[in-house]
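Comments concern the structure below.
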Amino acid sequence: MRHIDDVTDESERVINRFFDKAALKINLDTEMWEYLKVPFREIKVSIPLRMDDGRMEIFVGYRIQHNHTRGPMKGGIRYHPKVNLGEVRALAAVMTWKTALVDIPFGGAKGGILCNPKEMSKTELERLTRAFVSRIDENIGPNRDIPAPDVNTNPQVMAWIMDEYSKRHGYTPAVVTGKPVELGGSVGRIEATGRGVMLLTRAALKDNSIDINGCSVVIQGMGNVGGYAARLLADEGCKIIGISDSRGGLYNPEGLNVGRVEMHKSETGSLEGYRGADYITNEELLELQCDVLIPAALENVITEKNSPNLKTKMLVEAANIPTSPEADDILLDKGVVIIPDLLANAGGVAVSYFEWAQNLQSAFWEEDRVNRKLQKLMFDAYELIKTVAGQNKVSLRTAAYAIAIEKVSKAIRLRGF
Ligand code: NAD
């Protein structure tokens, strides 16, 4: 049995607390409880890499495969200087619960390489990616484990993974999702996570009688998820009053022009110096008065310390594991509506499922079909967690975990331990 000192990262503590709360609510038996806490397989590899300047550097990479009872394992690969075993473990478990909640036939996994991609050249990143695949290729595959993009990885990185895997196993586009469309990627995948965030925000605003027109939104992070969420919510009539990257954020209570902000960032590499908004810190950004706050960057940003100062009516968790259990309690007490990460950012894995299904059939769906199916899947899951939360008088988060844990436990019992 795993001991408490195996928990090496705050993210792991957080998801263990959320898991325990839901497991207690559904009277999960002890055997299953212990079984579900332990990942199926943990892979740690070292990757010696010749850098462009001739030096050799050793990188560490992880692929944690949490559970594969309901299908091949699924989850992103992140490149970041803070990647560690505990964080990847927590993110892998989150994928098991997310795929179960939105009812797609996958388990959960996550990967990461401890590196600073901002200081690496494109050729170094390509060699690093290919070397990582060479170390894990026996443990991934369309019926085993299917990676996808996450923080600091993108369709190009997925193309390298697909190419490297295909060299060893024959042409296999279904080994990875979030690929460029030219290589079998799905239309609609690149913006899918942001689109899911927009769809749920729109639905939750309606449920809480807040007019979407002119509703004020603050978004932390403007990468793949935050950037698309900002554009799509602005298209729906929301006022994006705050947005940030890792260095700082912009604030204008009258609303920002998202296209212009993105252009400024791509021209100067920073948000600083943008005219027509105040430049603020990420800490200040999270505490802005708004209708909707959307963390879309990294974990553990909403804590016991800053949650009493949050001035939002709604928290839509586009990032994975952004909120601590203590902050969750504080915000619920304050009456903040929380759309939990398991649901809020599931649009990405949902369209990844569509991409995998298209690849297995050598088929290409039209964007309209992808978006319609995404919307149905997200709304079905949202209705379900609202019903379960209402019936059991628990939060949407506890309902989401409870539904997912029950689904996975049932599948395990049917297959046999
Ligand atoms: P990304 O690399 O495209 O963007 C990350 C953004 O966060 C960047 O704008 C970066 O500047 C910002 N950021 C980084 N560190 C920060 C910090 N300390 N403070 C404020 N901002 C910071 O990554 P992404 O794919 O958009 O992922 C964002 C989050 O969404 C992650 O939690 C990820 O796990 C989750 N997620 C992503 C997907 C997907 O499809 N890409 C799907 C589901 C969940």
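Heads up: the sequence shown runs through residues 1 to 417, numbered per our numbering. Built from N, CA and C at the ideal position, the CB exists for glycine as well. Bear in mind the structure is a predicted one, so any value in this text is a computation, not a measurement.
In this structure, N154 has its CB closer than 8 Å to one or more heavy atoms of the ligand NAD. N371 carries a helical assignment under DSSP once its states are collapsed to helix, strand and coil. Taking a contact to require three or more Cβ pairs closer than 8 Å, the stretch 197 to 212 and the stretch 173 to 180 do not qualify as touching. With respect to G184, M162 sits close: the two C-beta atoms are nearer than 9 Å. Cα atoms of D333 and N143: separation of roughly 43 Å, rounded to the nearest angstrom. Note on L24: under 16 other CB atoms within 10 angstroms of its CB, so exposed under the neighbour-count rule.
By alpha-carbon distance to Y274, the top candidate from P340, N282 and M263 is M263.
In its chain, beyond the 5 residues on either side, no residue has a beta carbon closer than 6 Å to the beta carbon of S246.
Residue environment for D368: exposed (fewer than 16 other C-beta atoms within 10 angstroms of its C-beta). With respect to I140, P147 sits close: the two C-beta atoms are nearer than 9 Å. By the criterion of at least three beta-carbon pairs nearer than 8 Å, the stretch 197 to 206 is not in contact with the stretch 360 to 367. A residue is called buried once 16 or more other Cβ atoms fall within 10 Å of its Cβ, and D278, having fewer, is exposed. Taking the Cα positions, V351 is about 11 Å away from V102. Straight across, the Cα-Cα distance linking M378 with E31 is about 31 Å. A residue is called buried when at least 16 other Cβ atoms come within 10 angstroms of its Cβ; F132 meets this threshold and is buried.
In this structure, I64 keeps its C-beta atom at 9 Å or more from the C-beta atom of P105.
For D150, the distance from the CB to the nearest heavy atom of the ligand NAD is below 8 Å. In terms of CA proximity to G335, L396 leads the group Q375, N320, L396 and G276.
Assignment of N139 by DSSP, reduced to helix, strand and coil, places it in the helix class.
DSSP places M222 outside both helix and strand once states are collapsed to three, so it counts as coil. The C-beta distance from P322 to P295 rounds to 4 Å, short enough to fall under 8 Å. Taking the Cβ of N84 as the reference point, every heavy atom of the ligand NAD lies at 8 Å or farther away.
Taking a C-beta distance under 9 Å as the contact criterion, R17 and P325 qualify as a contact pair. Non-local beta-carbon contacts of A22 in its own chain, meaning distances under 7 Å to residues more than five positions away in sequence, involve T398, Y401, A402 and I405 in chain order. A contact is defined here as three or more CB-CB pairs under 8 Å, and the stretch 77 to 94 meets this definition with respect to the stretch 108 to 127. In this structure G54 does not touch G107 by the C-beta definition: roughly 42 Å separates them, more than the 8 Å allowed. The residue among Q156, V218, L128 and E164 with its C-alpha nearest the C-alpha of K311 is V218.
Relative to the ligand NAD, the beta carbon of Q220 is positioned inside 8 Å of a heavy atom. When distances are taken from the beta-carbon of E299 to the heavy atoms of the ligand NAD, the shortest one is below 8 Å. Counting only runs of 3+ residues, the beta strand (DSSP E) found wholly inside the stretch 229 to 287 occupies 239 to 244, 249 to 251 and 278 to 280, in chain order. For S307, the shortest C-beta to heavy atom distance toward the ligand NAD is 8 Å or greater. For D52, the closest of N152, E119, D145 and G248 by C-alpha to C-alpha distance is E119. Around P308, the same chain offers I330 as residues with beta carbons nearer than 7 Å, after the five sequence neighbours per side are excluded.
In this structure, L288 keeps its C-beta atom at 9 Å or more from the C-beta atom of I302.
With distances taken between CA atoms, A109 lies nearest to Y62 out of N152, Y62 and G223.
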